[in-house]
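Trainee: Please see the structure below; I have some questions.
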Amino acid sequence: MSATAAAPQLRTIDTNIPARLDRLPWSRWHWRILIGLGTVWILDGLEVTIVGSISGAISAKGSGINISAGDVAGMAASMYVAGACFGALLFGRLTDIFGRKKLFMITLGVYLAATVATAFAWTPWFFFLCRFVTGMGIGGEYSAINSAIDELIPAKHRGRIDIIINGTYWAGAAAGALLSVAALHIFSPLLDWRVCFGLGFVLGLAILIVRRQVPESPRWLFIHGREEEAEEVTRDIERQVVESTGAQLDDPDDNITIHQRRAIPLWETARAIVARYPKRTVLGLALFIGQAFLYNAILFGYATLLSKFFGVSTSNAPYYLVAFAVGNLLGPLVLGNLFDTVGRKPMIAGTYILSGVLLLITGYMFDQHQLSAGTLTLCWTVVFFFASAGVSAAYLTVSEIFPMETRALAIALFYAVGTGIGGIIGPQLFGRLIPTGKTSDVFVALVIGAVLMIVGGLAEIAFGVKAERRR
């Protein structure tokens, strides 16, 4: 049945489907969902780190494209982020109309086509265009996938799982750095950076095959008047879980009331969210702007910074990014469970503020020439150990603090606006300040990033919601 076929009659219903999904024990079926959907963050980490690692290689003589390292770290990064913002809004809207499943197949297809096209770029304008379209695919993934995961994962596991999944971005980042090292040493300047982008296609294709097994979200179905289909999907999920675990499932009597609706235009959703939840709107923007500025600025410009200030060669820069990525990956793995036990509010506030303060300290040490390439990487690994856990929880927060009916659109809206402001300005600022060769200029950008993270933490203290284990 198509979402655009004869529209079902909409009404107010009572349903126990969320309670039935939440009472399921962890099973093989849940692992399949995580592999099929959660691995999108690996792709994003792979893309961002590859560009950060090989910016020098792309701009090198004989690369086949006449582009500067500053343009790769600045303009190309901003185009990627701009595409992600546009994709989040476009596909977030389409996700609400046509469902999660259709869109997370389409968005991955967009990514696959664009990343292959990037490998064949011959001029700067085509390279920038490919980065924009690649970003569109990734941005669409964020809006479709975050909502789908939150709607399919039991509430008691959601906090830890969401944070770990978002943290796998850094597994992709580490893989991207290592693959860059191999490609830079094996292939010629004309081919090395192109091979790196081709590797993203191979991983994405494998994910596409697994993703075909993921069902439509029952929550999306019953919200849009298709409760019979939602019941069928839920029964099939329960059957698979029972077969793999042997568990006996109780019949929950915890119903919720849902006002079914058709797809709502994004601008109406934005207006309703701002009017009804002004404090939560401020919170969502503060969390997303802070993390987008900090992460996109540093990641896209990291290799260029190491080369400019410490003389690290293009072929060796990825090694530093591997260490940096490992620290970021460990943060969600080590701290993730605390977001369920200690609580979202204290953990998000604490990790944001602590990472901001530590970044101020390391930024000052960098400005005073007290750090080497190795010690700077070590310091930032510690900073982002805390930041990555908090940032991973930002997506979970936006998903949990707004009604189920607007979940995908809320994620798309805050991702697009927050990333659009922080993720575009950050790389452009670093891309312009690093080439000056002045540590004081870079320190200014680091201070801005640190302050934005601290503001995000303070916003969590003021406006945060205790959303642990909510449906």
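Position 366 of the sequence shown, counted from 1, bears residue number 352 in our numbering, the numbering being contiguous throughout. Ideal Cβ placement from N, Cα and C applies to all residues, glycine included. Source: prediction; values computed, not measured.
What would DSSP say about residue 245, mapped onto helix, strand or coil?
Mentor: Within the sequence shown, the letter at position 259 stands for residue 245. Residue 245: strand per DSSP, three-state reduction.
Trainee: Give me the Cα-Cα distance between residue 157 and residue 315, rounded to the nearest whole angstrom.
Mentor: Working through the sequence shown from its first residue, we reach residue 157 at position 171. Working through the sequence shown from its first residue, we reach residue 315 at position 329. Going by the C-alpha atoms only, they are around 6 Å apart.
Trainee: If distances are taken between C-alpha atoms only, which option among 408, 384, 444 and 423 comes closest to residue 435?
Mentor: Counted from its first residue, the sequence shown places residue 435 at position 449. Of the candidates 408, 384, 444 and 423, the one whose C-alpha sits nearest the C-alpha of residue 435 is 408.
Trainee: Is the beta carbon of residue 136 sitting closer than 7 Å to the one on residue 395?
Mentor: The residue labelled residue 136 in the question sits at position 150 within the sequence shown. The residue labelled residue 395 in the question sits at position 409 within the sequence shown. It is not a contact, given that the beta carbons lie outside the stated cut-off.
Trainee: What do you get for residue 446, buried or exposed, if any count of 16 or more other CB atoms within 10 angstroms of its CB means buried?
Mentor: Your numbering for residue 446 matches position 460 in the sequence shown. Buried.
Trainee: How should residue 191 be labelled, buried or exposed, when 16 other C-beta atoms within 10 angstroms of its C-beta is the threshold for buried?
Mentor: Looking up residue 191 in the sequence shown gives position 205. Exposed.
Trainee: Find the nearest neighbour of residue 519 within the set 6, 406, 127 and 385, judged by alpha-carbon distance.
Mentor: Nothing can be reported for residue 519: it is not among the residues displayed for the chain, which extend from -13 to 457.
Trainee: Would DSSP call residue 326 helix, strand or coil?
Mentor: As a position in the sequence shown, residue 326 is number 340, starting the count at 1. Helix at residue 326.
Trainee: Excluding five sequence neighbours on each side, which residues of the same chain lie with their C-beta closer than 6 Å to the C-beta of residue 325?
Mentor: Here residue 325 refers to the residue found at position 339 when the sequence shown is read from its first residue. Here the set comprises 145, 149, 333 and 379.
Trainee: Per DSSP, what kind of secondary structure is residue 40 in: helix, strand or coil?
Mentor: As a working note, residue 40 is residue 54 in the sequence shown. Helix at residue 40.
Trainee: Within the same chain, show all residues whose beta-carbon is closer than 7 Å to that of residue 56, passing over the 5 residues directly before and after it, in chain order.
Mentor: As a working mapping, residue 56 is identified with position 70 in the sequence shown. Same-chain partners within the cutoff: 417 and 421.
Trainee: Use the C-beta contact count for residue 48: other C-beta atoms within 10 angstroms, 16 or more gives buried, fewer gives exposed.
Mentor: Taking the first residue of the sequence shown as 1, we reach residue 48 at position 62. By the 10 Å Cβ count, residue 48 comes out exposed.
Trainee: Straight-line CA distance for residue 399 to residue 75?
Mentor: Numbered from 1 along the sequence shown, position 413 holds the residue referred to as residue 399. Numbered from 1 along the sequence shown, position 89 holds the residue referred to as residue 75. Near 6 Å, if we compare the C-alpha coordinates of residue 75 and residue 399.
Trainee: Could you tell me whether the stretch 218 to 237 touches the stretch 196 to 209, where touching means 3 or more Cβ pairs closer than 8 Å?
Mentor: As far as the Cβ criterion goes, the stretch 218 to 237 touches the stretch 196 to 209, which means the pair count is three or higher.
Trainee: Can you tell me which of 321, 80, 64 and 351 puts its alpha carbon nearest to the alpha carbon of residue 376?
Mentor: By one-based count along the sequence shown, residue 376 stands at place 390. That would be 321, whose Cα lies nearest to the Cα of residue 376.
Trainee: According to the Cβ coordinates, are residue 183 and residue 105 closer than 7 Å?
Mentor: For this step, residue 183 is matched to residue 197 along the sequence shown. For this step, residue 105 is matched to residue 119 along the sequence shown. In this structure, residue 105 lies closer than 7 Å to residue 183 by Cβ.
Trainee: Have a look at residue 201 and residue 125 and give me their C-alpha separation to the nearest angstrom.
Mentor: Reading the sequence shown from its first residue, position 215 is the one you call residue 201. Reading the sequence shown from its first residue, position 139 is the one you call residue 125. If you take the alpha carbons of residue 201 and residue 125, they lie about 21 Å apart.
Trainee: Taking the alpha-carbon positions, what's the residue 430 to residue 279 distance?
Mentor: For the purposes of this step, residue 430 is taken as the residue at position 444 of the sequence shown. For the purposes of this step, residue 279 is taken as the residue at position 293 of the sequence shown. Rounded to the nearest angstrom, the two C-alpha atoms are 13 Å apart.
Trainee: Between 411, 419, 425 and 147, which has its C-alpha nearest residue 438's C-alpha?
Mentor: Counting from 1 along the sequence shown, the entry for residue 438 is found at position 452. Of the listed residues, the one whose Cα sits closest to residue 438 is 411.
Trainee: Pick out whichever of 10, -1 and -5 has its Cα sitting closest to the Cα of residue 237.
Mentor: Here residue 237 refers to the residue found at position 251 of the sequence shown. When each option's Cα is compared against that of residue 237, the closest is 10.
Trainee: Compare the beta carbon distance of residue 246 and residue 6 with 7 Å and say whether it is the shorter of the two.
Mentor: Here residue 246 refers to the residue found at position 260 when the sequence shown is read from its first residue. Here residue 6 refers to the residue found at position 20 when the sequence shown is read from its first residue. No.
Trainee: With distances taken from CA atoms, which of 231, 440 and 306 is nearest residue 16?
Mentor: The count along the sequence shown starts at 1 and reaches residue 16 at position 30. Of the listed residues, the one whose Cα sits closest to residue 16 is 231.
Trainee: Checking 7 Å against the spacing of the C-beta atoms, do residue 404 and residue 275 come in under that value?
Mentor: Looking up residue 404 in the sequence shown gives position 418. Looking up residue 275 in the sequence shown gives position 289. The answer is yes: Cβ separation under 7 Å.
Trainee: Which runs of the alpha helix (DSSP H) spanning at least 4 residues fall entirely within the stretch 281 to 335, listed in chain order?
Mentor: Entirely contained in the stretch 281 to 335, the alpha helix (DSSP H) runs reaching 4 residues are, in chain order, 303 to 321 and 324 to 327.
Trainee: Buried or exposed for residue 212, going by 16 or more other Cβ atoms inside 10 Å?
Mentor: Residue numbering aside, residue 212 sits at position 226 when the sequence shown is read from its first letter. Label assigned to residue 212: buried.
Trainee: Anyone know if the C-beta pair for residue 458 and residue 272 falls short of 7 Å?
Mentor: No information on residue 458 is available, as it lies outside the stretch -13 to 457 that the chain covers here.
Trainee: Tell me the rounded alpha-carbon separation between residue 189 and residue 360.
Mentor: Taking the first residue of the sequence shown as position 1, residue 189 is located at position 203. Taking the first residue of the sequence shown as position 1, residue 360 is located at position 374. For residue 189 and residue 360, the distance between alpha carbons rounds to 30 Å.
Trainee: So residue 358 and residue 449 are supposed to be a Cβ contact under 8 Å. How far apart are they, rounded?
Mentor: As a working note, residue 358 is residue 372 in the sequence shown. As a working note, residue 449 is residue 463 in the sequence shown. Actually they are not in contact, since the Cβ atoms of residue 358 and residue 449 sit about 40 Å apart, beyond 8 Å.
Trainee: Taking C-beta to C-beta, are residue 369 and residue 345 nearer than 7 Å?
Mentor: Counting from 1 along the sequence shown, the entry for residue 369 is found at position 383. Counting from 1 along the sequence shown, the entry for residue 345 is found at position 359. Yes, they are a contact pair.
Trainee: Contact check, residue 337 vs residue 372 under 8 Å by CB: the rounded distance?
Mentor: Taking the sequence shown and counting its residues from 1, one reaches residue 337 at position 351. Taking the sequence shown and counting its residues from 1, one reaches residue 372 at position 386. Yes, residue 337 and residue 372 are in contact; Cβ-Cβ is about 5 Å, under 8 Å.
Trainee: Per DSSP, what kind of secondary structure is residue 83 in: helix, strand or coil?
Mentor: Mapped onto the sequence shown, residue 83 falls at position 97. DSSP places residue 83 in helix when its eight states are reduced to three.
Trainee: Closest by CA to residue 44, which one among 233, 166 and 428?
Mentor: On the sequence shown, residue 44 is found 58 positions in, with the first residue counted as 1. Comparing Cα positions, the closest option is 166.
Trainee: Taking a contact to mean a Cβ-Cβ separation below 7 Å, would you say residue 64 touches residue 134 in this structure?
Mentor: Position 78 of the sequence shown, counted from the start, is the residue given in the question as residue 64. Position 148 of the sequence shown, counted from the start, is the residue given in the question as residue 134. Taking 7 Å as the Cβ cut-off, residue 64 and residue 134 do not qualify as a contacting pair.
Trainee: Indicate the three-state DSSP secondary structure (helix, strand or coil) for residue -1 in the structure shown.
Mentor: Here residue -1 refers to the residue found at position 13 when the sequence shown is read from its first residue. Residue -1 falls in the strand class under three-state DSSP.
Trainee: In chain order, what residues of the same chain lie with their CB nearer than 7 Å to the CB of residue 249, ignoring the 5 residues before and after it?
Mentor: As a position in the sequence shown, residue 249 is number 263, starting the count at 1. 82 and 83, listed in sequence order.
Trainee: For the putative contact between residue 307 and residue 288, defined by C-beta atoms under 8 Å, what is the C-beta separation to the nearest angstrom?
Mentor: Along the sequence shown, one-based indexing puts residue 307 at 321. Along the sequence shown, one-based indexing puts residue 288 at 302. Going by Cβ atoms, the distance from residue 307 to residue 288 rounds to 6 Å, so yes, they are a contact pair.
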